[in-house]
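Novice: Numbering (our numbering), first residue to last: 3 to 452. Backbone N, C-alpha and C fix where the C-beta goes; we use that ideal spot for every residue, glycine too. Since the model is a prediction, treat every value here as computed from it, not as a measurement.
(1) Would you tell me roughly how many angstroms separate the C-alpha atoms of residue 241 and residue 446, rounded to the nearest one?
(2) Cβ atoms of residue 197 and residue 234: under 8 Å apart, would you say?
(3) Which partner residues of residue 212 appear in the DSSP bridge assignment?
(4) Out of curiosity, what's the CA-to-CA distance linking residue 24 and residue 57?
(5) Can you tell me which of the three DSSP states residue 31 falls into?
(6) Can the beta-carbon of residue 386 be found less than 8 Å from the beta-carbon of residue 398?
(7) With a threshold of 16 other CB atoms inside 10 Å of the CB of residue 325, please say whether the residue is buried or exposed.
(8) Per DSSP, what are the beta-bridge partners of residue 161 in this structure?
(9) Specify the secondary structure class of residue 24 as computed by DSSP and reduced to three states.
(10) Considering only C-alpha positions, which residue in the set 210, 318, 155 and 193 is nearest to residue 227?
(11) Here's the rule I'm using: 16 or more other beta-carbon atoms within 10 Å means buried, otherwise exposed. How should residue 260 be labelled?
(12) Beta-carbon within less than 7 Å of residue 66's beta-carbon, same chain only, minus the 5 sequence neighbours each way: which residues are those?
(13) Nearest-angstrom Cα distance between residue 175 and residue 190?
(14) Quick check on this structure: which residue in 102, 153, 300 and 351 has the alpha carbon closest to the alpha carbon of residue 135?
(15) Using only alpha-carbon positions, find the residue among 143, 376 and 125 that is nearest to residue 106.
(16) Checking the sheet assignment: what are the DSSP bridge partners for residue 333?
(17) Which of the three DSSP states, helix, strand or coil, is assigned to residue 396?
(18) If you follow the alpha helix (DSSP H) that residue 135 is in, where does it begin and where does it stop?
(19) Would you list the residues sitting across from residue 450 in a DSSP beta bridge?
(20) Please tell me whether residue 195 and residue 403 are closer than 8 Å, where the distance is taken between their beta carbons.
(21) Assign residue 129 to one of two classes, buried (16 or more other C-beta atoms within 10 Å of its C-beta) or exposed (fewer than that).
(22) Out of 232, 202, 245 and 238, which has the shortest C-alpha to C-alpha gap to residue 223?
(23) For residue 380, which option in 341, 425, 366 and 373 has the closest C-alpha, if you only look at C-alpha atoms?
(24) Count the other CB atoms within 10 Å of the CB of residue 248; is the residue buried (16 or more) or exposed (fewer)?
(25) Given that a residue counts as buried once 16 or more other Cβ atoms are within 10 Å of its Cβ, and exposed if not, what is residue 315?
(26) Let me make sure I understand the geometry here. Which of 253, 131, 345 and 443 has the alpha-carbon closest to that of residue 312?
(27) Between residue 96 and residue 80, how many whole angstroms is the CB-CB distance? I'm expecting something under 8 Å.
(28) Would you identify the three-state DSSP class for residue 354, choosing helix, strand or coil?
(29) Taking DSSP as the reference, what is the three-state secondary structure of residue 2?
(30) Would you tell me roughly how many angstroms separate the C-alpha atoms of residue 251 and residue 364, rounded to the nearest one?
(31) Locate the beta strand (DSSP E) running through residue 2, then write down its first and last residues.
(32) Alpha carbon to alpha carbon, what distance is there between residue 272 and residue 239?
(33) Per DSSP, what are the beta-bridge partners of residue 244 in this structure?
(34) My understanding is that residue 69 touches residue 30, with C-beta atoms under 8 Å, so please give their C-beta distance in whole angstroms.
(35) List the endpoints of the continuous alpha helix (DSSP H) containing residue 63.
(36) Rank 63, 40, 421 and 43 by C-alpha distance to the C-alpha of residue 28 and give the top, closest one.
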């Protein structure tokens, strides 16, 4: 952080650090070099030896304040930088360091004010991107003390090679009818692989309100619409509402929430879901976080009672950030789950009841100050509860699902983000009609309302 803000100071090209006449007995260049190489403790010690004589000189106070902040003495550093800004109001480099000091001291209103003052001078794009990151962090942290709201709208256009996750060939139905099909006349086209383009729109509103210093309430509403160009029978709308409580203590965060969801297909009710989710996250170090969650969900399908199920999921994961090129955040998540059919029939046991587990590995790469790339690989294995009696030769369905994802994001203006996402999915199954492959590509623009 220290080195990055020093770079910002250089980019701001501010004056006020070249007049060292009053500090003839201190080597300002040496002090700056100590800070540049990350030895803030030595820099602070060296500055302290000359503090009594040179306090009040902007050249000295700037580097002394920076060294104090970076060596864990934020209050002391802020006092020094306040003197610089008082004498040199246009010194944006010192103002940036002062804003960072206020941030560390959790004086968020004053930190925001200083950052926004620098923004008013139209700094270079790299500086602006760094400031935007701080302002976003301030908004997040302020949520611990005041009610905060966030919302966004996103509009996308894409293509889908298999909108209904159907088999490629009508002969996949051989297990049901016992003979080969020549052509597709005997099978509904909507049952086979169907490709199409689509428009995807999402809107979200979220709120978080503190109850005490450690406890807060939160809620959100998200609406999604996907409309296909030709295969309108697969158009979907999803409305999801969540509400719950969060408890924070030291490095631990516990959350519990209720989820309600309504899913419509082709304008008709298709599935309702109600769920209870509990999660825990711990910050092991500044770079590494672990998490665990237990989830329960009850789903009900319209006119398909055999598909109604109670789902229990246990999951856990770890993520870590590395201070190397692209500063990647790498994560891994593992989950175990069970779908228990509500209907006690052979059909429900064969087509709904199942045990499954999955693994997801991924990384987020910060390719520039305003761009990032997310790559992920997922795998899931499922085994159903009973042989499917509707097959010519009843067998138990077993699936192996895999997915590869790459998502590129570009923050091209304040609050505006462009996303390009590609995913490739493959599902193999002992029941041929459940095997499919699918590729999706979508470009979207998102606006965050603040």
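Specialist: From the atom records:
(1) In the chain shown, the residue the question calls residue 241 occupies position 239. In the chain shown, the residue the question calls residue 446 occupies position 444. Taking the Cα positions, residue 241 is about 20 Å away from residue 446.
(2) One-based indexing of the chain shown puts residue 234 at position 232. One-based indexing of the chain shown puts residue 197 at position 195. No, these two residues do not count as a Cβ contact at 8 Å.
(3) Within the chain shown, the letter at position 210 stands for residue 212. DSSP lists 218 as the beta-bridge partner residues of residue 212.
(4) Taking the first residue of the chain shown as position 1, residue 24 is located at position 22. Taking the first residue of the chain shown as position 1, residue 57 is located at position 55. For residue 24, the predicted structure reports a pLDDT of 40, less than 50, and the residue's modelled location is therefore unreliable. A value from the coordinates is still provided. Rounded to whole angstroms, residue 24 and residue 57 show a C-alpha spacing of 10 Å.
(5) Within the chain shown, residue 31 is the residue found at index 29, counting from 1. If DSSP states are grouped into helix, strand and coil, residue 31 belongs with the helices.
(6) Counting from 1 along the chain shown, the entry for residue 386 is found at position 384. Counting from 1 along the chain shown, the entry for residue 398 is found at position 396. Closer than 8 Å, so yes.
(7) As a first step, residue 325 must be located in the chain shown, where it is residue number 323. Exposed.
(8) Looking up residue 161 in the chain shown gives position 159. Residue 161 is bridged by DSSP to 199 and 443.
(9) Position 22 of the chain shown, counted from the first residue, corresponds to residue 24. Any reading at residue 24 needs caution, since the residue's pLDDT is 40, under 50, leaving its predicted position unreliable; the model's value is listed next. Residue 24: helix per DSSP, three-state reduction.
(10) Sequence index remark: in the chain shown, residue 227 carries index 225 (1-based). Residue 227 has its Cα closest to that of 155, out of 210, 318, 155 and 193.
(11) Within the chain shown, numbered from 1, the residue matching residue 260 stands at position 258. Around the beta carbon of residue 260, a 10 Å sphere encloses fewer than 16 other beta carbons of the protein chains shown; the residue is thus reported as exposed.
(12) Counting from one through the chain shown, the residue named residue 66 turns up at place 64. Answer for residue 66: 49, 53 and 82, listed in chain order.
(13) For the purposes of this step, residue 175 is identified with residue 173 of the chain shown, where counting begins at 1. For the purposes of this step, residue 190 is identified with residue 188 of the chain shown, where counting begins at 1. Those two C-alpha atoms are separated by around 11 Å.
(14) Here residue 135 refers to the residue found at position 133 of the chain shown. Distances from the CA of residue 135 to each of 102, 153, 300 and 351 were compared; the closest alpha carbon is that of 102.
(15) Reading the chain shown from its first residue, position 104 is the one you call residue 106. Checking every option, the nearest Cα to that of residue 106 belongs to 143.
(16) The residue labelled residue 333 in the question sits at position 331 within the chain shown. According to DSSP, residue 333 bridges with 321 and 364.
(17) Within the chain shown, residue 396 is the residue found at index 394, counting from 1. Note: residue 396 maps to coil in three-state DSSP.
(18) Locating residue 135 in the chain shown gives position 133, counting from the first residue. Per DSSP, the continuous alpha helix (DSSP H) segment holding residue 135 begins and ends at 127–144.
(19) What you label residue 450 is simply residue 448 of the chain shown in a count that begins at 1. Per the DSSP secondary-structure output, residue 450 pairs in a beta bridge with 154.
(20) In the chain shown, residue 195 corresponds to position 193, counting from 1. In the chain shown, residue 403 corresponds to position 401, counting from 1. No, they are not a contact pair.
(21) Within the chain shown, residue 129 is the residue found at index 127, counting from 1. Buried, by the Cβ-count rule.
(22) As a first step, residue 223 is located in the chain shown; it is residue number 221 there, counting from the start. Cα-wise, what sits closest to residue 223 is 245.
(23) Taking the first residue of the chain shown as position 1, residue 380 is located at position 378. Nearest option by C-alpha distance: 425.
(24) Start at 1 with the first residue of the chain shown, and residue 248 comes out as number 246. Under this definition residue 248 is a buried residue.
(25) Taking the chain shown and counting its residues from 1, the one referred to as residue 315 is at position 313. With 16 or more other Cβ atoms inside 10 Å of its own Cβ, residue 315 counts as buried.
(26) The sequence position of residue 312 within the chain shown is 310, counting from 1. The shortest CA-to-CA distance from residue 312 to any of 253, 131, 345 and 443 is the one to 345.
(27) Sequence index remark: in the chain shown, residue 96 carries index 94 (1-based). Sequence index remark: in the chain shown, residue 80 carries index 78 (1-based). Between residue 80 and residue 96 the Cβ distance is about 11 Å, and since that is not below 8 Å, they are no contact.
(28) To locate residue 354, count along the chain shown from 1; it is residue 352. DSSP places residue 354 in coil when its eight states are reduced to three.
(29) This structure cannot speak to residue 2, because the chain is shown only from 3 to 452.
(30) Residue mapping note: residue 251 aligns to position 249 of the chain shown, counting from 1. Residue mapping note: residue 364 aligns to position 362 of the chain shown, counting from 1. Answer to the nearest angstrom: the Cα atoms are 28 Å apart.
(31) Because residue 2 is not part of the residues shown, which for the chain are 3 to 452, the question remains open.
(32) By 1-based counting over the chain shown, the position of residue 239 is 237. By 1-based counting over the chain shown, the position of residue 272 is 270. Distance between the alpha carbons of residue 239 and residue 272 is about 10 Å.
(33) What you label residue 244 is simply residue 242 of the chain shown in a count that begins at 1. BP columns for residue 244 point to 222 and 261.
(34) As a first step, residue 69 is located in the chain shown; it is residue number 67 there, counting from the start. As a first step, residue 30 is located in the chain shown; it is residue number 28 there, counting from the start. With a Cβ gap of about 12 Å, residue 69 and residue 30 do not count as contacting.
(35) The count along the chain shown starts at 1 and reaches residue 63 at position 61. Residue 63 -> alpha helix (DSSP H) spans 60–72.
(36) As a working mapping, residue 28 is identified with position 26 in the chain shown. Minimum Cα distance to residue 28 is reached at 63.
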